[in-house]
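> With our numbering, letter number 75 in the sequence shown gets 75, and the count goes up by one each step, no holes.
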Amino acid sequence: MQESLKVFLFISIIFCTGFILRADTVNLHHFNASEKDYLTDFQGLPYMYDADCYYNYRVTLNYFKNGHLGDKYNGKFSWNIYSYYPEGRPSNYPPFIAWLAVFFYNFLALFVNITLYEACFWLPAIIAPFTGIMLFLLMRNHVDDISAFIAGILAVTTPIYFSRTVAGFFDTDMLNVLIPLIIVLFFYGGIRTENMFKKYIKCILAAVFLLLFSLTWNGWAFIFIIIVLTSLIYVLILKSSDKSSTPFIQFFAVFILFSILFIGMLKLFGAGIYLNFPNTSLFLKSNFNNNWPNANLSVSELSKPSFIEFVWFLGGLNIGFGILGVVVVVLNLLSANLKDKSDLFFYLLMSVWLFVGLISYSMSIRFGIISFIPLVAFSSISINKIIGTVLKLKNNFIRIFILLLIISSFFVISVAQTQVFKLRPAVNDDFVDAAAFINKTFSSPPVLVMDWSYGHYFTSEGIPVLMDGGCLTPQRNYWISRALSTDNETLSKNILIMLSCSGDIPIEMLYKRTGNISLTATILNEILSMDKKDAKLILMEKYGMNPNFSNQLLNFTHPYPKKRIVILTGDHEIKSGYWNFYYGYWNFAKSQPQEFVYSEGEITSINDTLKHYSNNMSLDLKKRFASWNGKRPYEVILVYKNHKDEFRVYNESNLVFIVFMEKNRALVVDKKSKNSLFIKISVLNEGTEHFKRIYANGHVSLWELR
1 MQESLKVFLF ISIIFCTGFI LRADTVNLHH FNASEKDYLT DFQGLPYMYD
51 ADCYYNYRVT LNYFKNGHLG DKYNGKFSWN IYSYYPEGRP SNYPPFIAWL
101 AVFFYNFLAL FVNITLYEAC FWLPAIIAPF TGIMLFLLMR NHVDDISAFI
151 AGILAVTTPI YFSRTVAGFF DTDMLNVLIP LIIVLFFYGG IRTENMFKKY
201 IKCILAAVFL LLFSLTWNGW AFIFIIIVLT SLIYVLILKS SDKSSTPFIQ
251 FFAVFILFSI LFIGMLKLFG AGIYLNFPNT SLFLKSNFNN NWPNANLSVS
301 ELSKPSFIEF VWFLGGLNIG FGILGVVVVV LNLLSANLKD KSDLFFYLLM
351 SVWLFVGLIS YSMSIRFGII SFIPLVAFSS ISINKIIGTV LKLKNNFIRI
401 FILLLIISSF FVISVAQTQV FKLRPAVNDD FVDAAAFINK TFSSPPVLVM
451 DWSYGHYFTS EGIPVLMDGG CLTPQRNYWI SRALSTDNET LSKNILIMLS
501 CSGDIPIEML YKRTGNISLT ATILNEILSM DKKDAKLILM EKYGMNPNFS
551 NQLLNFTHPY PKKRIVILTG DHEIKSGYWN FYYGYWNFAK SQPQEFVYSE
601 GEITSINDTL KHYSNNMSLD LKKRFASWNG KRPYEVILVY KNHKDEFRVY
651 NESNLVFIVF MEKNRALVVD KKSKNSLFIK ISVLNEGTEH FKRIYANGHV
701 SLWELR
C-alpha cells in the first residue's frame with residue numbers, strides 16, 4: 001500500500017508539473033498588455049502557435065461535422081477543397097488526432113460548457129504530461145523511484161517537447177513521443193515477463209499501439225525501425241555468447257507478424273495508412289528527381305539546427321547527465337554488471353534510439369523531438385548512480401539533505417528552462433480581421449495568394465489558397481515566386497490567373513509535350529508575358545506546336561472567365577521575401593538561382609547620425625551617405641508611416657537600400673528586384689497597374705487583381 005501511494009504521488013507530481021507549466025503559457029507573460037490583446041482571440045485564448053495547428057483543428061471540425069476529415073466526400077475520397085486551389089487535395093491525413101480531440105470534446109461536454117476549438121486548444125497540455133509518466137514507469141525497471149521521478153520531470157520540461165506541446169499547440173507532437181514510449185513499455189515489458197500468456201498479450205498490445213501510431217503521424221516507422229534494429233543486434237549478441245535466443249526470436253516474430261497484420265488490414269480496408277518508412281525526400285537537394293527548385297529549402301523546421309539550437313532544445317541537463325549515463329551503461333556492460341538479459345536489451349534499445357534520434361536531429365530541427373527520450377533515460381541512469389553513492393553515507397541527516405538538494409535542484413532547473421520561451425502565436429488580430437473582411441466582402445471567397453506558411457489558417461476560415469504547408473509542391477512554389485519576383489507585371493498577372501483557374505494542368509500538359517522542365521518553364525514564361533493572340537503565334541511559329549494543341553493549352557494559360565484573386569501582404573514578408581527571389585529567379589539550365597541581392601537587417605546601433613544594421617548596412621542621413629559591405633547604393637528609399645523619401649547616392653551602383661524608419665529595419669536589393677511586384681506591394685505598399693489595395697489594417701494589406 002505504501003509503495004502504491006508513493007508511485008501515485010510521483011505520478012501526480014509529474015502530471016501536475018507538466019500540465020500547470022503548459023497551461024500557464026496562455027497568460028503570455030513575455031508580452032505587454034497591448035501585445036497580449038493583439039495575440040489573443042475573442043475568448044481570451046492565445047491564437048494557436050503553429051499554422052499546422054489550424055489544419056489539425058480544421059480536419060477535426062470536419063470529422064465532427066461530416067464524419068470524415070475532408071470538406072466534402074466525392075464518393076471515393078475525402079477531399080480538401082480549399083487547399084492547393086483549384087485542384088484541392090485528398091484528406092489522407094493520419095486521423096487519430098481528430099478522433100482523440102472529438103472524443104475529448106464529447107467527454108468534457110458532459111460536464112462543462114466548452115467548444116470544440118477550446119477542447120483542441122487544451123488537449124496538448126493534458127496529453128503531454130503522460131509522456132513523463134510513461135517514462136517514469138519504464139525507468140522504474142532500472143533505477144530507483146527518485147531517479148525515475150526525475151526522468152519524468154525532465155521529460156515534461158525538455159525544451160523541444162515543452163515548446164511544441166503547450167496549450168494551443170494542437171499538433172501530433174504531443175503523441176509522437178508518448179505513443180512510442182507506450183510501445184516500448186509493452187514490448188520491453190513482454191520481454192521481462194515470465195508468464196507466457198501475459199508476455200504475448202503485451203507483445204500484441206505493442207503491435208496495437210504501433211497501429212495507433214501509424215494513424216497518428218506519417219513518421220511512425222521510426223520506432224518500428226529502432227525496435228527491429230535493436231532486436232537484430234540483440235539476437236546476434238545472444239548467439240555470440242552461447243545464450244539461447246529462441247524465446248526472444250519467437251516473441252519478436254509475433255510482434256512483427258501482428259504489426260504487419262494490423263497495418264496490412266488497415267491498408268486493405270482503405271484507411272490510407274501505408275507501411276512507409278520515413279520520408280527521406282526531406283533530405284534531398286531536389287524533389288522528385290526533377291529540375292524544379294526544392295521548395296523544402298524554405299521550410300525552417302526542416303533546416304539543420306545550429307550548435308546552440310542543437311544543445312538548447314535538448315536541454316543542458318539532459319545532454320550533460322545523458323552523456324554521463326552512457327558512460328555508466330558502457331561500464332556496466334564491460335563489467336557484465338547486469339541483472340538479466342532484458343537489461344541488455346533495454347540499454348541497446350536506448351542506444352539505438354539515441355543514435356537514430358541524434359542523426360535525424362542533426363539533419364533537421366523537426367526530428368529533435370524524437371531524440372530527447374533516450375537522453376533523459378540515460379540521465380536517469382547517471383542520477384541513479386549518484387543517488388546510490390549518497391545512500392551509502394552513514395549520516396542520516398546529510399543523506400536526506402543531499403537527496404532533497406538533488407531533487408529540488410533538478411526540479412527547479414527543469415522548470416526554469418521552460419520559462420525562458422517567448423512563444424508567439426502563429427497569427428494575430430491582423431490576420432483574423434483580414435480573413436473576416438474577405439468573408440464579409442466577397443459573396444464567394446476569392447483565391448488567396450500569400451506566404452504559404454499562413455495558408456492553413458485561411459483555409460480553416462473557408463478561404464481557398466493556391467498553396468499551404470500541406471501541399472508544398474515545387475512547381476506551384478516556383479510559379480508563385482515567379483509572379484512575385486518578376487518586374488513584368490503582365491507576367492505576374494497572367495501567372496496568378498493561370499494558377500487560380502487552371503492550377504497545374506497547363507504546366508503538366510506542356511511538360512508531357514516537351515518532356516523537358518526547363519523548356520516548359522521557358523515557354524510558359526514567354527507566352528504568359530503576352531496576350532492570348534500573340535501567345536498562339538509564339539507557340540506555333542517559334543515552338544512548332546500544332547493549332548489544336550496551342551488552343552487547348554491557351555484555354556488553360558489564358559482562361560476566361562477569370563477568378564477573383566487577392567494577394568495578402570504583411571510586414572512578416574520582409575524577412576522571408578528572400579525566398580521569392582531565390583525561387584523566382586531560378587536558372588533551370590544551371591539548377592540554381594540567378595544572381596540577386598536581398599539582405600534584410602535590424603538596427604543594431606546609432607552613433608550620432610550614423611545608423612548600423614545587422615545586415616552590415618550603414619546609413620548617415622545628415623551626410624546622405626549609405627553603404628552595404630563597402631558598396632554604395634544607386635538610391636536610398638526612406639519609408640515612413642505615411643510617406644516616402646528618396647535620394648540618389650551613386651549612379652553606377654546596382655543596389656537599392658530601403659529603410660523602414662519607424663520599424664528600425666533595412667533592406668538591400670538590386671535594381672531589378674526593386675521593380676518586382678513583391679517589392680512594390682509587400683515592401684513599399686504601392687498600388688500598381690493591375691493590383692489595387694482593398695484593405696489595410698495593422699501590418700496586413702489585401703490587394704485585388706483589377
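Glycine included, each C-beta is placed from N, C-alpha and C at the ideal position.
Pull up the distance between the alpha-carbon of Tyr695 and that of Ile463, whole angstroms please.
Numbered from its first residue, the sequence shown carries residue 695 at position 695. Numbered from its first residue, the sequence shown carries residue 463 at position 463. The alpha-carbon atoms of Tyr695 and Ile463 are separated by roughly 16 Å.
> Taking only the alpha-carbon atoms, compute the straight-line gap between Tyr650 and Asp451 and give it to the nearest angstrom.
The sequence position of residue 650 within the sequence shown is 650, counting from 1. The sequence position of residue 451 within the sequence shown is 451, counting from 1. Between Tyr650 and Asp451, the C-alpha separation is close to 34 Å.
> If you pair each beta-carbon of the stretch 34 to 42 with each one of the stretch 418 to 428, do three or more pairs fall below 8 Å?
These segments touch.
> Apart from the five residues just before and just after Met48, which ones in its own chain have a Cβ nearer than 8 Å to its Cβ?
The residue you call residue 48 lines up with position 48 of the sequence shown. Tyr54, Tyr57, Phe121, Gly168, Phe169, Phe170, Pro425, Ala426, Val427, listed in sequence order.
> Is the separation between the beta-carbon of Thr60 and that of Ala109 shorter than 8 Å?
Here the question's residue 60 lines up with position 60 in the sequence shown. Here the question's residue 109 lines up with position 109 in the sequence shown. It is not a contact, given that the beta carbons lie outside the stated cut-off.
> For Val659 and Ile637, which I take to be in contact (beta-carbon distance under 8 Å), what is that distance rounded to the nearest angstrom?
For the purposes of this step, residue 659 is identified with residue 659 of the sequence shown, where counting begins at 1. For the purposes of this step, residue 637 is identified with residue 637 of the sequence shown, where counting begins at 1. Rounded, the Cβ-Cβ distance is 7 Å, consistent with contact.
> Taking the beta carbon of Gly67 as the centre, do at least 16 other beta carbons fall within 10 Å, making it buried, or is it exposed?
Numbered from its first residue, the sequence shown carries residue 67 at position 67. Exposed, because fewer than 16 other Cβ atoms sit within 10 Å of the Cβ of Gly67.
> Can you say whether Ile273 is buried or exposed, counting buried as having 16 or more other CB atoms within 10 angstroms of its CB?
The residue labelled residue 273 in the question sits at position 273 within the sequence shown. A caution first: Ile273 carries a pLDDT of 41, below 50, which makes its placement in the model too unreliable to give a value.
> So, with DSSP's three-state summary, where would you put His29?
Numbered from its first residue, the sequence shown carries residue 29 at position 29. Coil.
> Leaving aside the five residues before and after Trp579 along the sequence, list all residues of the same chain whose C-beta is less than 6 Å from its C-beta, in chain order.
Mapped onto the sequence shown, residue 579 falls at position 579. Ser298, listed in sequence order.
> Whole angstroms is fine: what's the gap from Gly44's alpha carbon to Leu499's?
Position 44 of the sequence shown, counted from the first residue, corresponds to residue 44. Position 499 of the sequence shown, counted from the first residue, corresponds to residue 499. If I take the Cα positions, the gap works out to 38 Å.
> Have a look at the DSSP bridge pairing and note the partners of Ser701.
For the purposes of this step, residue 701 is taken as the residue at position 701 of the sequence shown. Answer is Thr569, Ala696, bridged to Ser701.
> Helix or strand or just coil, what does DSSP make of Ser12?
Taking the first residue of the sequence shown as position 1, residue 12 is located at position 12. Reduced to three states, the DSSP call for Ser12 is helix.
> I'd like the list of long-range same chain contacts for Pro305, defined as Cβ closer than 6 Å, with 5 residues on each side in sequence excluded.
Position 305 of the sequence shown, counting from 1, holds the residue named residue 305. Cβ neighbours of Pro305 beyond the five flanking positions: Ile365.
> Entirely within the stretch 126 to 210 and at least 4 residues each: give me those alpha helix (DSSP H) ranges in chain order.
129 to 139, 145 to 157, 159 to 163, 173 to 176, 178 to 192, all fully within the stretch 126 to 210.
> What residue range does the alpha helix (DSSP H) around Phe96 cover?
As a position in the sequence shown, residue 96 is number 96, starting the count at 1. Start and end: 96 to 109.
> Please classify His456: is it buried, with 16 or more other beta-carbons within 10 angstroms of its beta-carbon, or exposed?
As a working note, residue 456 is residue 456 in the sequence shown. By the 10 Å Cβ count, His456 comes out buried.
> Between the alpha carbons of Ser303 and Met363, how many angstroms are there, rounded?
As a first step, residue 303 is located in the sequence shown; it is residue number 303 there, counting from the start. As a first step, residue 363 is located in the sequence shown; it is residue number 363 there, counting from the start. About 7 Å.
> Terminal residues of the continuous alpha helix (DSSP H) containing Glu526?
Along the sequence shown, one-based indexing puts residue 526 at 526. Run containing Glu526: 517 to 527, per the alpha helix (DSSP H) assignment.
> Need the endpoints of the alpha helix (DSSP H) that Asn551 sits in, please.
Position 551 of the sequence shown, counted from the first residue, corresponds to residue 551. Per DSSP, Asn551 belongs to the alpha helix (DSSP H) from 547 to 557.
> Report yes if the CB atom of Val449 is closer than 8 Å to the CB atom of Phe458, and no otherwise.
As a first step, residue 449 is located in the sequence shown; it is residue number 449 there, counting from the start. As a first step, residue 458 is located in the sequence shown; it is residue number 458 there, counting from the start. Not closer than 8 Å, so no.
> Measure the beta-carbon distance from Leu175 to Ile127 and round it to whole angstroms, keeping in mind my assumption that it falls under 8 Å.
In the sequence shown, residue 175 corresponds to position 175, counting from 1. In the sequence shown, residue 127 corresponds to position 127, counting from 1. Their Cβ separation, rounded to whole angstroms, is 7 Å, which keeps Leu175 and Ile127 in contact under 8 Å.
> Would you call the stretch 145 to 161 in contact with the stretch 404 to 423, where contact means no fewer than 3 C-beta pairs closer than 8 Å?
The answer is yes - the stretch 404 to 423 touches the stretch 145 to 161, with three or more Cβ pairs under 8 Å.
> Less than 8 Å separating the beta-carbons of Phe345 and Ile191?
Locating residue 345 in the sequence shown gives position 345, where the first residue counts as 1. Locating residue 191 in the sequence shown gives position 191, where the first residue counts as 1. Yes. Within cutoff.
> Less than 8 Å between the CB atoms is what I'm expecting for Leu554 and Lys532, so what's the real figure, rounded?
Numbered from 1 along the sequence shown, position 554 holds the residue referred to as residue 554. Numbered from 1 along the sequence shown, position 532 holds the residue referred to as residue 532. Indeed they touch by this definition, with Cβ atoms about 5 Å apart.
> With a CB to CB cut of under 6 Å and the five nearest residues on each side skipped, what residues in its chain are close to Arg665?
Along the sequence shown, one-based indexing puts residue 665 at 665. Cβ within range, chain order: Glu602.
> Kindly give me the distance between the Cβ atoms of Ile223 and Ile183, rounded to whole angstroms, as I take these residues to be in contact under 8 Å.
By one-based count along the sequence shown, residue 223 stands at place 223. By one-based count along the sequence shown, residue 183 stands at place 183. That pair is a contact at about 6 Å.
> Give the straight-line distance between the Cα atoms of Ile724 and Ile256, rounded to the nearest whole angstrom.
This structure leaves residue 724 out entirely; the chain is present only between 1 and 706.
> If you reduce the DSSP assignment to three classes, tell me which class Asp670 lands in.
Counted from its first residue, the sequence shown places residue 670 at position 670. In this structure, Asp670 counts as strand in the three-state DSSP scheme.
> Who does Arg399 pair with in a DSSP beta bridge?
Here the question's residue 399 lines up with position 399 in the sequence shown. Note: Arg399 sits in no beta bridge, so no partner.
> Quick check: the Cα distance between Arg624 and Pro633, rounded to an integer number of angstroms?
In the sequence shown, counting from the first residue as 1, residue 624 sits at position 624. In the sequence shown, counting from the first residue as 1, residue 633 sits at position 633. In a straight line, the C-alpha of Arg624 is about 11 Å away from that of Pro633.
> From Val376 to Phe397, what does the alpha carbon distance come to, in whole angstroms?
Your numbering for residue 376 matches position 376 in the sequence shown. Your numbering for residue 397 matches position 397 in the sequence shown. Those two C-alpha atoms are separated by around 29 Å.
> Alpha carbon to alpha carbon, how far is Trp312 from Lys76? Give it in angstroms, no decimals.
Stepping through the sequence shown from its first residue, residue 76 is reached at position 76. Stepping through the sequence shown from its first residue, residue 312 is reached at position 312. Straight-line Cα distance between these residues: approximately 46 Å.
> According to the Cβ coordinates, are Lys385 and Val328 closer than 8 Å?
Against the sequence shown, residue 385 aligns to sequence position 385. Against the sequence shown, residue 328 aligns to sequence position 328. The answer is yes: Cβ separation under 8 Å.
> Ile523 and Val447 - do their beta-carbons sit closer together than 8 Å?
Indexing the sequence shown from 1 puts residue 447 at position 447. Indexing the sequence shown from 1 puts residue 523 at position 523. No. Outside cutoff.
> Between Asp433 and the rest of its own chain, which residues show a CB-CB distance below 7 Å, the 5 nearest in sequence each way excluded?
On the sequence shown, residue 433 is found 433 positions in, with the first residue counted as 1. Asn697, listed in sequence order.
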